[in-house]
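Some notes on the structure that comes next.
There are 2 protein chains.
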Amino acid sequence: MATIDDVARMAGVSKSTVSMAFSKKRPISRQVTEKVFRAAKELGYYPNHVARSLAIRKTMIAGLRIPLPPDGYITAFESQLINGVIKECSRQGYRVLLDNLPELDDPAQFSQDPVDGLIMLNPRTNDPRIERYGQMGIPFVSVGRPDPFDESMSYVDNNNAEVAYQIGDYLLRNGHRSVFFLNASADMTVAHDRQSGLKDVFRRYGVPFPEENIIHFSHRLFANGADYGYLSIRDTFGKLHYSAVVTDTDRVAFGALRAARELGIEVPKELSVIAFSNDTTLSQDMNPRLTSVELSANRLGEEAAKLLIEKMRDMSVNRQVIIPASLVIGETCCVQSRSLTNNEE
Amino acid sequence: MATIDDVARMAGVSKSTVSMAFSKKRPISRQVTEKVFRAAKELGYYPNHVARSLAIRKTMIAGLRIPLPPDGYITAFESQLINGVIKECSRQGYRVLLDNLPELDDPAQFSQDPVDGLIMLNPRTNDPRIERYGQMGIPFVSVGRPDPFDESMSYVDNNNAEVAYQIGDYLLRNGHRSVFFLNASADMTVAHDRQSGLKDVFRRYGVPFPEENIIHFSHRLFANGADYGYLSIRDTFGKLHYSAVVTDTDRVAFGALRAARELGIEVPKELSVIAFSNDTTLSQDMNPRLTSVELSANRLGEEAAKLLIEKMRDMSVNRQVIIPASLVIGETCCVQSRSLTNNEE
DNA sequence: CTGAAAGCGCTTACAG
DNA sequence: CTGAAAGCGCTTACAG
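Have a look at this one:
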């Protein structure tokens, strides 16, 4: 591979002149410019991006950290998110580095990515990454709010508590009085927000929401989301009392629906199902169509990229963006008979 | 940001020793190692990936070049492909750089990506990128065969001609004698292969396939795929004679179905529709369910990544992998009446 | 087992 | 308008 030195030598000028001819950061006479480009062309010279990055201490790359799931495939949510990130980054001249290598705690194994900033996913309670990125001085934004709340950093999120409130409201208005909540992992901030939204609306209606009606996903107990939904319904239906189940993702709902089918539970007549996410890859295969929440992952991605680029330009700016999620009514929810006689509000 | 020099100074050793302590490429005594790590931790030192890459002339990054469509969003095919690429790369310790910055011909504007190799999409006839990557000496693989055929490079592809043959066979067996083919852009190799497969089977059955029944996508004439399908059917139905339309993608089929609906053409009774790709995001919204082809984009991505990593290890290996695509029967195809009386083979 | 030094291929003050 | 030189932060022969 030809280097800038080769070009300089062949064109009979200095390295700086070649560099300037390419970057146009200072004026170079026409004849010299031509000589340089002729030599570059003849040698098949292309500037080395890595060397340039080292010199200017910028890569023009945004990093997107996506934890790789056990089955090796990213979800539709993540894929839409990537989509949004790419769109915005490329609009602003940035490339996107996908990193899903395991994030080890051993600093000896940990090498910084060649990126100017990072987008991280799924923040957990007291997420150690936040502190690490902070101390590394690397610009970052989070998709999902940090826990505890921290307005001194940039993040995007859905209005999770509000949407949970809406879902609860929808169920309560339709006469449901007892809901089974298959929440996300307990240490995820989104799990906390959804739970508090749901509890709020029950409190508002004066309907109790017993703790045992909320369970959390756990990698130890369940192989995957579908398994989580399947086993949870299979093992509790008839024992626990509920007329509706609210799930973390549509994969979980998928498992729940399978359990219902096997147990001969009629959906939605005997059991209503609502999912907090709308992973199009699965929902298309569901019959009946799932009532679920559209999180607009691509918008989350776009906004995250915007915030990150803003932050890379000026480390001092911190901004939060909330993307409104919306309930998409499908066919898995039904009016409980008692709602006909029992009108709240 | 702390550098290796800071750590060396604080630990009272040389740079080389710090480097070796981190990379473990040569044995360092326990006490020294500990001193180094203590200093590194205290300083918040992380090795600089860019500097390391420059020194070893490797980045451990695979580049994936995805042309950004006008609407800014990648297709489901591409997203599945990315998925496969990520999966395989991360399995082998590589990261993935998504690059969809416009590829300019001006070498002055063109800077090589910080990647060890490239995966390129949608090769065209005499694709100039192939020559460029070749002369740059950068390992690359193509998703889609090059045109003209070139067994001296690595690529993955579907068995496009065969699938086209199957589709034609399916239509002919069901009594269709006249098919309208909304092919991809004329300069795409996939367009060529599908066309030749389709023509082959018609020749085999002794049924003519007039040239005017094949048109090609063009960015100048159509805003997007859906537009292509919509306008093509609207402007030809009743003039051109056909009982079935075979489209490039399901987006195109989507447009064709809309035109049919507006013109009061009954699908599939009066018009059968088959798409060469199965973009799940759209097909779910189609009613009736589209008869289409599953290309297994994620497998294409996985295999492309495998080939690339192979090639990055040894530039001299060249291998081709064909992923079998399969026809997925939906509800948009029907038996033409004459097939009942007219049995070939 | 450790260190001093050259080198990776660029950019950019500095001096003219 | 152009050049010589230092520097970006690592790795790795080479010498001990």
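Sequence order for the protein chains is A and B.
Here UniProt numbering is used: the first residue of the first sequence is 1, the next is one more, and so on.
Here UniProt numbering is used: the first residue of the second sequence is 1, the next is one more, and so on.
Ideal Cβ placement from N, Cα and C applies to all residues, glycine included.
Tell me which same chain residues have a C-beta within less than 8 Å of the C-beta of A/Asp187, skipping the five on either side of it?
Arg124, Thr125
Taking the alpha-carbon positions, what's the A/Asp157 to A/Gly144 distance?
5 Å
Burial state of B/Cys334, where buried means 16 or more other Cβ atoms lie within 10 Å
buried
Across which residues does DSSP place A/Phe180 in a beta bridge pair?
A/Val245
Test: B/Pro107 CB closer than 9 Å to a CB of chain A
In this predicted model, B/Pro107 has a pLDDT of only 49, less than 50, meaning its place in the structure is not dependable enough to derive any value.
Give me the Cα-Cα distance between A/Asn213 and A/Glu266, rounded to the nearest whole angstrom.
20 Å
Shorter than 9 Å from the beta carbon of B/Met50 to some beta carbon of chain A?
The question names Met, but residue 50 of chain B in the sequence shown is Val. Taking Cβ atoms only, chain A reaches closer than 9 Å to B/Val50, which makes this a yes.
Range of the contiguous beta strand (DSSP E) that encloses A/Glu294:
291–294
Could you give the residue range of the alpha helix (DSSP H) that holds B/Tyr228?
225–236
Count the other CB atoms, across all protein chains shown, that sit within 10 Å of the CB of B/Val317; report buried if there are 16 or more and exposed otherwise.
exposed
Any C-beta of chain A sitting closer than 9 Å to the C-beta of B/Thr249?
no
Environment of B/Gln31 [buried if 16+ CB atoms lie within 10 Å]:
exposed
Contact list for A/Thr59 against chain B, beta-carbon separation under 8 Å
Val50, Pro114
In the structure shown, what three-state DSSP assignment does B/Asn158 receive?
strand
With distances taken between CB atoms, is the gap from B/Ser272 to B/Glu294 smaller than 9 Å?
no
I'd like to know whether the C-beta atoms of B/Thr127 and B/Gly63 end up nearer to each other than 9 Å.
With the sequence shown as reference, residue 127 of chain B is identified as Asp, and Thr is not the correct amino acid for it. Cβ distance not < 9 Å, so B/Asp127 and B/Gly63 don't count as in contact.
With respect to the beta strand (DSSP E) encompassing B/Arg95, which residues constitute its N-terminal and C-terminal limits?
95–99
Could you tell me whether the Cβ of B/Ser243 comes closer than 9 Å to any Cβ of chain A?
no
For A/Leu221 and A/Leu198, what's the separation of their Cα atoms in angstroms?
24 Å
Please compile the residues from chain B whose C-beta is within a distance smaller than 7 Å of the C-beta of A/Leu98.
Ile86, Arg95, Val96, Leu98
Expressed to the nearest angstrom, what Euclidean distance is found between the alpha-carbon atoms of A/Phe202 and A/Ser243?
15 Å
Throw me the rounded Cβ distance for the B/Ile61 and A/Ile74 pair, which I believe falls under 8 Å.
Rounded, the Cβ-Cβ distance is 18 Å, inconsistent with contact.
Could you tell me if A/Gly168 is buried or exposed, where buried requires 16 or more neighbouring beta carbons within 10 angstroms of its beta carbon?
buried
Please tell me whether A/Cys146 has its Cβ less than 9 Å away from any Cβ of chain B.
Per the sequence shown, the amino acid found at residue 146 of chain A is Pro instead of Cys. No - not a single Cβ of chain B is within 9 Å of the one on A/Pro146.
Going along chain A, which residues have a C-beta under 8 Å from B/Ser53?
Val50, Pro114
Can you give me the Cβ contacts of B/Ala2 inside the same chain, cut-off strictly under 7 Å, excluding the 5 residues immediately before and after it?
Leu43, Gly44, Tyr45
Comparing alpha-carbon positions, which option in A/Val96, A/His219, A/Val252, A/Arg91 lies nearest A/Ile82?
A/Val96
Is the number of C-beta pairs between the region 296–306 of chain B and the region 251–271 of chain B that are closer than 8 Å three or more?
no
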